[in-house]
Structures are given as structure tokens and as C-alpha cells.
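Single-structure report; data block below.
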Amino acid sequence: MSPVALWLDYEHDEHEPVRCLTVILRTAGCQWRKCRMCGYWHESSHDVTQADILSQLRYALTTASPKNEDFILKLYTSGSFLDEREVSGATRRHIAEMLRQRQDVKRLIIETRPEYVTADALADLAGIELEVAMGLETADDFIRLEYINKGFSFEDYKTAAGLITDCGATVRTYLLLKPPFVSERAAIEDVIKSAELVAPYSRTISMNLCNVQRHTELESLWRQGYYRPPWLWSAVEVLKTLKEKRRSMTVISDPVGAGHIRGPHNCGYCDNTLKEAIKRFNITQDTGILKGLNCDCVYRWQSILKYDEYLFGAAIMGVVPI
Ligand SMILES: [Zn+2]
């Protein structure tokens, strides 16, 4: 069985770009499966054995790892790496041993829901420079619980973040730009406010730009005209603001699906320019790249922000399309 996907790119790490291998392992998948925007569980399979997971990783490392160069390894499952039902403790320890022997993995990054973060699960990965990513999405419990249906609280995240830090690992926090039922301006404000609240716990903040995945509740809302993915102008605005407030923190955003109708987009003409600027910013952390971008659609975006609450309310009532 092969991984769902694997690719090589760069990550900003300790003031410089470092090679990064991302591997999406196929596992039994996320047990929660209730988030309104998430369709990742379609990539899971109940047939995956623990031996399969190890062979997917061996395949990825053999075929795609950079030669003669230290690199960051992202091992994602579209679920929780620390969930015993996806990746067992024995498999985690096996993976850790494999990586310790290689000595070219500078840092391992995994993703998990906070309820699976325990000292025992983290101990399985001892001896490796580790960053644990959690999809908090927002520090606002109401948005997370009611609009996203995430099923855990900010307190749960903080408890998990404390455990991770106590074990000598670092935290990467995912924030979601524009969850369902949140207007463009409120979405920008929510990420900026959330970032301030998670900054004390996080080494890295990664902003996910909400996109419309197939077979999700968000897709139904979008089809009915109740949702528009975020503007790329909003993403640029948030990245600039966050980085300028917190110079020491790494702030990134992978513009997945940028320029597509289901992904974050502007007018169609400038999307690629903004997408490339965000990608360059991710690696360099230079906010200068995000300044001086221009296109006529910026005025449309600005008026949407200005009349946002009114327009959003009208769209929800079916008076105007969003
Ligand atoms: Zn434009």
C-alpha cells in the first residue's frame, strides 16, 4: 500500500529554508469525522495494518528523501498520529527508531487532536526533535464547537500544549481562516485574535485557508450560496499582521486550492501572484513580499469588508448571493 501522497518542498526553520518531506500516510483515519469542512477521512482505509504503515514510510524515505542533506519530515495521517487506533504505540516506537538511526531528519512534525496527547504517547517518539501540530482552528469556543463542530475546547488544547512542552517538544497550531457561518471581516479578526491567544503555546502558527471539500456539510452550504471561501487578500492581511506583531514566531499558510472556486480566491487575474507571494513568505518570513501586491479586485474586497455584516446577513436570508 502506498502513501496517500508525498512531496518535497521547503520549510522555514531557525531563520533559513530547510528541505521538507511531507508524507501523508494512509491509516484507519480520523475517529471524529464530524468537522463541517473536513473530507479527509475519505482518504482513510480500514484495511490498513500497522505493517502497512511502516512500509508506506519506508517507501517514502527510500524514494523521496533528500540525499546528503538534513531535512524536516512531516508525517501526517489526515487524522491523529497519536491515536492508538490509527498508529499504534509499537509502530510509533518503530518509526522513532528508524528515524534516530538515519540521523538526517532534523525535525519530525506530526498532527493530532488534543485528546490523544499523553506523556506515554509522546514518550514513544523520544530522542527526536518533535513538533506536534493541533488543529485548534480558533481560540473562540463558540465558533469551534458550534460552527466547525470540532468537539474540543480551548482548555483541552491548552492542556495538550502544556504536556507537549513538558515533554520537550514544540507546538504548531493550525488556525482556520473563514469557518462556515463567519463573515470575511469577522474571519480575519478571529484569526488575529486567536493567534494572540495561542502565541504563548506555539512555536509555529499555520493558517489554513478554508476550502470546500467534497461530501462535506460545508459543500452543501457552498452549493446553496451560503459560503464563499476566503479572499487571498484576507490571507495576506492576516499573515502580515501576525508576523509584524510576533517577529519571533514562525507564521505560515499553505495556500491549498488557491485560485480555484472551491479554494481561497480573488478575481482570477491576481490569484497566482498572491499564491506565489504567500509561498515565498512561508519560506522567508519576509513581510516585504506581501506588501505592494495589487489588483483592481482589492477595492471589491475592501467594500466587502466594509459592508460585510450587512451583506452576510442578506446572503443568509437569501436576498443576495454571497
Ligand atoms: Zn484581482
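Position 266 of the sequence shown, counted from 1, bears residue number 286 in this note's numbering, the numbering being contiguous throughout.
We put the beta carbon where it would ideally sit given N, CA and C, even for glycine.
None of the values given here were measured: they were computed from a predicted structure.
Going down the chain, each residue whose beta-carbon is closer than 6 Å to a heavy atom of ligand 1 shows up: Asn286, Cys287, Tyr289, Cys290, Cys315, Cys317. DSSP, reduced to helix, strand and coil, places Leu156 within a strand of the structure shown.
Straight across, the Cα-Cα distance linking Ala180 with Ala48 is about 23 Å. For Phe174, no beta strand (DSSP E) segment is defined; the enclosing uninterrupted segment is the alpha helix (DSSP H) at 174-186. Residue range 317-326 is occupied by the alpha helix (DSSP H) that includes Ile324, with no beta strand (DSSP E) assigned at that position. In the DSSP annotation of this structure, the continuous segment of the beta strand (DSSP E) that includes Ala25 starts and ends at 25-33. Apart from the 5 residues on each side of it in sequence, Ala84 sits with its Cβ closer than 7 Å to the Cβ of Leu26, Leu28, Leu41 in its chain, given in chain order. Counting along the chain, the unbroken beta strand (DSSP E) around Val125 starts and ends at 125-131. Taking a cut-off of 8 Å for Cβ pairs, the stretch 108-116 and the stretch 56-66 do not touch, as fewer than three such pairs fall below it. Distance check between Leu238 and each of Thr158, Phe101, Arg282 places Arg282 closest, using alpha-carbon atoms only. Ranking Leu45, Gln51, Ile92 by CA distance to the CA of Thr69 puts Leu45 first. Three or more beta-carbon pairs separated by less than 8 Å are not found between the stretch 269-276 and the stretch 309-327, which leaves the two stretches without contact.
The Cβ atoms of Ile208 and Ser254 sit closer than 8 Å to each other.
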